[in-house]
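Structure record follows, encoded as C-alpha cells.
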Amino acid sequence: MKIARFSTDGDPRFGVLDDDDLVVLAGDPMFHGFETTGERVPLSQATILAPVIPRSKVVCVGMNYAAHRKEMGHEGPSTPLIFLKPNTAVVGPGDPIIIPPVEGRIVHEGELALVIGKVAKRVKKEDWRDVVFGVTIANDVSARDVMFADGQWARAKGYDTFCPLGPFIDTEIDPTALEIETHVDGELRRKGNTRDLLHGIPELIEFISDVWTLLPGDVILTGTPDGLGSFVDGQTVDITIEGLGTLSNPAKNRDDRDY
Numbered sequence: 001m002k003i004a005r006f007s008t009d010g011d012p013r014f015g016v017l018d019d020d021d022l023v024v025l026a027g028d029p030m031f032h033g034f035e036t037t038g039e040r041v042p043l044s045q046a047t048i049l050a051p052v053i054p055r056s057k058v059v060c061v062g063m064n065y066a067a068h069r070k071e072m073g074h075e076g077p078s079t080p081l082i083f084l085k086p087n088t089a090v091v092g093p094g095d096p097i098i099i100p101p102v103e104g105r106i107v108h109e110g111e112l113a114l115v116i117g118k119v120a121k122r123v124k125k126e127d128w129r130d131v132v133f134g135v136t137i138a139n140d141v142s143a144r145d146v147m148f149a150d151g152q153w154a155r156a157k158g159y160d161t162f163c164p165l166g167p168f169i170d171t172e173i174d175p176t177a178l179e180i181e182t183h184v185d186g187e188l189r190r191k192g193n194t195r196d197l198l199h200g201i202p203e204l205i206e207f208i209s210d211v212w213t214l215l216p217g218d219v220i221l222t223g224t225p226d227g228l229g230s231f232v233d234g235q236t237v238d239i240t241i242e243g244l245g246t247l248s249n250p251a252k253n254r255d256d257r258d259y
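Right under this line is the structure:
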C-alpha cells in the first residue's frame, strides 16, 4: 500500500494510491488507521507533499555501504555511524533544494528511508518490523566541504531543504534488496542495492533505538551507495528506488529576498 500526504489548495490530507487516484483517508493513518472518506482525488490534481514531517528527528547513517566508505577514505567505526538532521530540513517532491552560499560542493545522497510507526526503545533486531510503518525515498543533501571544514556534520547536513522525502510511504514492500539509482539531469551518478548495507535494517533499528527513543513519524536514512555526488543551481536530482518510484527535486541558489 502506497500512502501519500497531499494537498488540493488546502490543509494536508492523506490518501492511498489507487492507479491514478488517491483514495482519501479520514486522518493520518499512522495514528487513525485506514478509514476512508469515500472521496477520490485524481493524482494529477493533487500536490504531493513530504509524506511525513518528523515530530522529533531524522536519524541518518553514514558510510553504510563498503564502496562509499572507500570513496570517502574513511573506515568508520565498527558500529553504525549515526547523526541527526533537524525536521526543518525536510521538504517534499518537487520542492527546491536551496543551496546556501558556502564554499565547496553540495552533494546528493540517495537513500532508503524508514518511517517509524510507534514509540520504539531498545527494539530487538528480530522485532524491527513491529516499529516500522513503511519506507520511502530520501536525499541526504550535504555540504561536503563544510563537513570537513567544521570537523562535524551538523551544519553541513542540517540546512533547510537538505532532506527531501517522498513521494509515497510504502507499507508493504520488502526493503531488504531494492535497487537505488541517483541521476542528475538524467545522468546516472550513484547506483546500489539495499542488500549491500553494511549494517542492515534490523541492526540499525536495534542500535538506534538503544541510543534514542524513536517516536512515531521519526525517519531513519539508511545510507547512500558510492558515486559522484555534486550538483549545482538549475540541475535536478532524481532518486529512484525499485518499487517506490522517484523523488525529484530541482536545485536553486539561495536568494535572501525569499527569506
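Numbering (full-length UniProt numbering) for the sequence shown: 1 to 259.
Quick reminder that beta carbons are idealized off the backbone N, C-alpha and C, glycines included.
Cβ contact annotation for Gly243 (same chain, cutoff 8 Å, sequence separation greater than five): Asp170, Ile173 and Leu178, in chain order. Here DSSP, grouped into helix, strand and coil, assigns Asn64 to coil. Partner residues in the beta bridge of Glu111, as assigned by DSSP, are Ala138. Where Ala4 is concerned, the enclosing beta strand (DSSP E) starts and stops at Lys2 to Ser7. Check the Cα spacing between Leu22 and each of Tyr159, His32 and Thr8: the tightest is with Thr8. Counting only residues of its own chain and dropping the five nearest sequence neighbours on each side, Pro216 has a CB closer than 8 Å to the CB of Met30, Phe31, Arg55, Ile116, Gly117, Lys118, Val119 and Phe133. Relative to Pro80, the option among Ile220, Glu181 and Ser248 whose CA is nearest is Ile220. A contact is defined here as three or more CB-CB pairs under 8 Å, and the region 197 to 213 meets this definition with respect to the region 50 to 64. When only Cα atoms are considered, Thr176 and Arg129 end up about 12 Å apart.
Between the alpha carbons of Ile3 and Asp28 lies a gap of roughly 10 Å. Inclusion of Thr161 and Pro51 in the CB contact set at 7 Å is not warranted, their separation being larger than that value. Counting C-beta atoms within 10 angstroms of its own C-beta, Pro77 has fewer than 16 neighbours from the protein chains shown and is therefore classed as exposed. Here Asp170 carries a strand assignment [DSSP, helix/strand/coil].
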